[in-house]
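One structure below.
Number of protein chains: 2
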Amino acid sequence: MALTDSDGSVWLRPHRPPRDRQLSRDQIVSVAVTVLDADGHRGLSMRRVASELGVTAGSLYWYVRTKDDLLELALDRVLGEVRTDPAEADWRRALAALARGNREMLLRHRWALRELTVRPNLGPNAFALAETGLQLLARAGFADADVDAAMSAINDHVVGAVISQVSWIDSLERMSEARIGAGAGGGGSWSEHVATTYLREVADRHPMLARRMAATREIDVESECERRFEFALKCLLEGLAASHDAAGELTRRP
Amino acid sequence: MALTDSDGSVWLRPHRPPRDRQLSRDQIVSVAVTVLDADGHRGLSMRRVASELGVTAGSLYWYVRTKDDLLELALDRVLGEVRTDPAEADWRRALAALARGNREMLLRHRWALRELTVRPNLGPNAFALAETGLQLLARAGFADADVDAAMSAINDHVVGAVISQVSWIDSLERMSEARIGAGAGGGGSWSEHVATTYLREVADRHPMLARRMAATREIDVESECERRFEFALKCLLEGLAASHDAAGELTRRP
DNA sequence: ATGCTCCTTAAACGTCGTTCATCAACCCTT
DNA sequence: AAGGGTTGATGAACGACGTTTAAGGAGCAT
Chain A
1 MALTDSDGSV
11 WLRPHRPPRD
21 RQLSRDQIVS
31 VAVTVLDADG
41 HRGLSMRRVA
51 SELGVTAGSL
61 YWYVRTKDDL
71 LELALDRVLG
81 EVRTDPAEAD
91 WRRALAALAR
101 GNREMLLRHR
111 WALRELTVRP
121 NLGPNAFALA
131 ETGLQLLARA
141 GFADADVDAA
151 MSAINDHVVG
161 AVISQVSWID
171 SLERMSEARI
181 GAGAGGGGSW
191 SEHVATTYLR
201 EVADRHPMLA
211 RRMAATREID
221 VESECERRFE
231 FALKCLLEGL
241 AASHDAAGEL
251 TRRP
Chain B
255 MALTDSDGSV
265 WLRPHRPPRD
275 RQLSRDQIVS
285 VAVTVLDADG
295 HRGLSMRRVA
305 SELGVTAGSL
315 YWYVRTKDDL
325 LELALDRVLG
335 EVRTDPAEAD
345 WRRALAALAR
355 GNREMLLRHR
365 WALRELTVRP
375 NLGPNAFALA
385 ETGLQLLARA
395 GFADADVDAA
405 MSAINDHVVG
415 AVISQVSWID
425 SLERMSEARI
435 GAGAGGGGSW
445 SEHVATTYLR
455 EVADRHPMLA
465 RRMAATREID
475 VESECERRFE
485 FALKCLLEGL
495 AASHDAAGEL
505 TRRP
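Protein chains in written order, with the working numbering: chain A, 1 to 254; chain B, 255 to 508.
So, in structure tokens, the structure goes:
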């Protein structure tokens, strides 16, 4: 009965669905996702979710063992949003579509990324998503070991690209926040001076970085990130195609 | 004076170094990194850091404005651990080495990844790291726009690969935790039954996934992850080389 | 009606990040 | 050397958090 840091996972524990009461797991998870979308990880608290449902915090613990469980459920919920087109025959287009769908979902729910890095992710939607990718590659004729590597390559790229995009956007927001915060505050001009001095120093010490930052300042962050995403995706798909052709030359021919 | 969710960044705010008192920012950050390495994100609290320094929690606020600041500083601290060899002439080898060093650092400090996804990351070490990569590519003769895309591709791959590795390891730990936890507990056999039933159902519904999981069960997770990491890295480098040769054919020749 | 399980509540516990009044130690001035 | 101002440590407090628990009410079976 000793409750460790986080024993197991929601999915590995029994859950008796309630009879006909006010609440249900699904409702709770829905509210949690809504709150997370609106106010991010910081805005989510048991009391908040409970009050949004017209209920006290303690009630939630009949449906969910801990807040971590709730987050795990919320993560799998949004993982279920990713849709794929099973009719697509070309494996490259299908894989690219899967990657794009995944990326869009992660950009839609920016909190999900953080959970992805911390939670075990053993939910049914996570598994289903993995299965679709694997099947896709298997049908395309990839060797078993290559399937794993290919799937990882694509997924890792998606996750990494979204992370860098989100963190880029955040950085810009922080910098402008600091600027207007300094302008509105009382003795803010001193603090503002510190910030700009620091940034100028950085620019002096790192000329190449300064050049690239200046160049990308004009550009829309989102479209630039998409461009980079597609570029690396193309690299990966070509690399995959190369190893695919090398291995499967005898069995299948275009 | 209204303290928003998180106004700005540590690096954009003034910091007056203390005269000759017991503490210093560096000490505090060092302790924070140690605690984070040992007990992860959950183990870090202001009181813990303070007591580790023989001091009360309130004292820390003379050196650090919030806990977020401390985390931002800790993140940049470990970012500074990544070393590069400026003597390496071949850009592919240099870039690969940079990526590997980055990866190893992130695996050494598994908490850093989570921070990377949430913090603005405006520290000097972060900038320096970016600059090295950019210079490397610029010296190799990449076009300006390609430099950004190439750097992003490599960095995203590193981050994504580490995330998937960490989350894989975590999942395995959770699953075995659930199993032994069930074995040790009193009426645990029921809970254990639920877990195995769930996993069996998943395996039935997702045959390809089950096959891959069974195949990788024998293998060492770390070496398998490294294999996948290197595979995608090779894909990316080859893709970069292709676009490099296409663009720079006239200006430089091997 | 009686007993029983399922659920909700209200209150509480312990921990957390953070603030504040207090006070001690040091530096600079005189 | 004396005194004032800055710097920094303290310990108590605040509010919010996740979670637990005792108590009680709603619904069903008998």
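Don't be surprised by glycine CBs; every beta carbon is placed ideally from N, CA and C.
Selected residue, minimal CA-CA separation from residue i, among the options
i, options, result
"leucine 136 of chain A", "B/Gly312, B/Leu463 and B/Ala397", "B/Leu463"
"aspartate 146 of chain A", "B/Leu360, B/Gly297, B/Trp265 and B/Glu478", "B/Glu478"
"serine 226 of chain B", "B/Leu325, B/Met467, B/Asp323 and B/Met300", "The requested residue 226 of chain B does not occur in the structure, where chain B is confined to residues 255 to 508."
"threonine 386 of chain B", "A/Asp245, A/Arg42 and A/Arg212", "A/Arg212"
"arginine 227 of chain A", "B/Trp444, B/Ala404, B/Ser284 and B/Ser445", "B/Ala404"
"glutamate 115 of chain A", "A/Val221, A/Ser243 and A/Asp76", "A/Asp76"
"alanine 382 of chain B", "A/Ala203, A/Glu222 and A/Val221", "A/Ala203"
"glutamine 281 of chain B", "B/Glu306, B/Ser263 and B/Gly262", "B/Glu306"
"arginine 471 of chain B", "B/Lys321, B/Lys488 and B/Met429", "B/Met429"
"serine 9 of chain A", "B/Val448, B/Val264 and B/Glu484", "B/Val448"
"proline 378 of chain B", "B/Val475, B/Ser497, B/Val336 and B/Leu490", "B/Val336"
"serine 164 of chain A", "A/Ala214, A/Pro207, A/Arg205 and A/Leu107", "A/Leu107"
"aspartate 344 of chain B", "B/Ala366, B/Glu476 and B/Gly395", "B/Gly395"
"aspartate 499 of chain B", "B/Arg373, B/Pro461 and B/Ala397", "B/Ala397"
"proline 374 of chain B", "B/Trp365, B/Asp402, B/Ala341 and B/Leu325", "B/Leu325"
"alanine 292 of chain B", "B/Asp410, B/Asn409, B/Trp365 and B/Ser497", "B/Trp365"
"aspartate 323 of chain B", "B/Val283, B/Trp422, B/Lys488 and B/Arg459", "B/Val283"
Within chain B, the residues that residue i reaches when beta carbons sit closer than 7 Å
i, result
"alanine 38 of chain A", "Residues of chain B passing the Cβ test: none, with the nearest at roughly 13 Å."
"phenylalanine 231 of chain A", "Ala403 and Ala407"
Under 8 Å between C-beta atoms of residue i and residue j
i, j, result
"arginine 279 of chain B", "leucine 327 of chain B", "yes"
"valine 318 of chain B", "asparagine 356 of chain B", "no"
"threonine 371 of chain B", "valine 166 of chain A", "yes"
"glycine 414 of chain B", "glycine 160 of chain A", "yes"
"alanine 32 of chain A", "leucine 23 of chain A", "no"
"leucine 376 of chain B", "leucine 266 of chain B", "yes"
"alanine 241 of chain A", "arginine 92 of chain A", "yes"
"valine 78 of chain A", "histidine 109 of chain A", "yes"
"alanine 205 of chain B", "alanine 232 of chain A", "The structure shown does not extend to residue 205 of chain B, since chain B is modelled only from 255 to 508, so the question has no answer here."
"serine 425 of chain B", "proline 14 of chain A", "no"
Short CB-CB distance (under 8 Å) between residue i and chain A
i, result
"methionine 300 of chain B", "no"
"tyrosine 452 of chain B", "yes"
"methionine 429 of chain B", "yes"
"arginine 279 of chain B", "no"
"glutamate 385 of chain B", "yes"
"leucine 349 of chain B", "no"
"leucine 367 of chain B", "yes"
"alanine 382 of chain B", "yes"
Min CB distance residue i to chain B below 8 Å
i, result
"glutamate 238 of chain A", "yes"
"asparagine 102 of chain A", "no"
"aspartate 69 of chain A", "no"
"glutamate 218 of chain A", "no"
"glycine 8 of chain A", "yes"
"proline 14 of chain A", "yes"
"tryptophan 11 of chain A", "yes"
"valine 288 of chain A", "Absent from the structure is residue 288 of chain A, since the part of chain A shown begins at 1 and ends at 254."
"serine 59 of chain A", "no"
"arginine 227 of chain A", "yes"
"valine 202 of chain A", "yes"
"alanine 215 of chain A", "yes"
"alanine 138 of chain A", "yes"
Where residue i meets chain B, residues with beta-carbon distance less than 8 Å
i, result
"lysine 234 of chain A", "Gly493"
"asparagine 125 of chain A", "Chain B residues near asparagine 125 of chain A: none, gap ~11 Å exceeds 8 Å."
"histidine 244 of chain A", "Neighbours of histidine 244 of chain A on chain B: none; closest Cβ ~12 Å, over 8 Å."
"valine 194 of chain A", "Leu266, Arg267 and Pro268"
Chain A contact residues for residue i, given Cβ-Cβ distances below 9 Å
i, result
"aspartate 424 of chain B", "Val118, Arg119, Pro120 and Asn121"
"serine 421 of chain B", "Leu116, Thr117, Val118, Arg119, Pro120 and Asn121"
"leucine 196 of chain B", "Only positions 255 to 508 of chain B appear in this structure, which leaves residue 196 of chain B out of reach."
"aspartate 398 of chain B", "Arg211, Arg212 and Ala215"
Listed by chain order, chain A residues near residue i by CB distance under 8 Å
i, result
"glycine 414 of chain B", "Asn155, Asp156, His157, Val158, Val159, Gly160, Ala161 and Ile163"
9 Å Cβ cut-off: residues of chain B touching residue i
i, result
"serine 191 of chain A", "Gly262, Leu266, Arg267 and Pro268"
"leucine 53 of chain A", "Those do not exist, as leucine 53 of chain A stays about 24 Å from chain B at its closest Cβ, beyond 9 Å."
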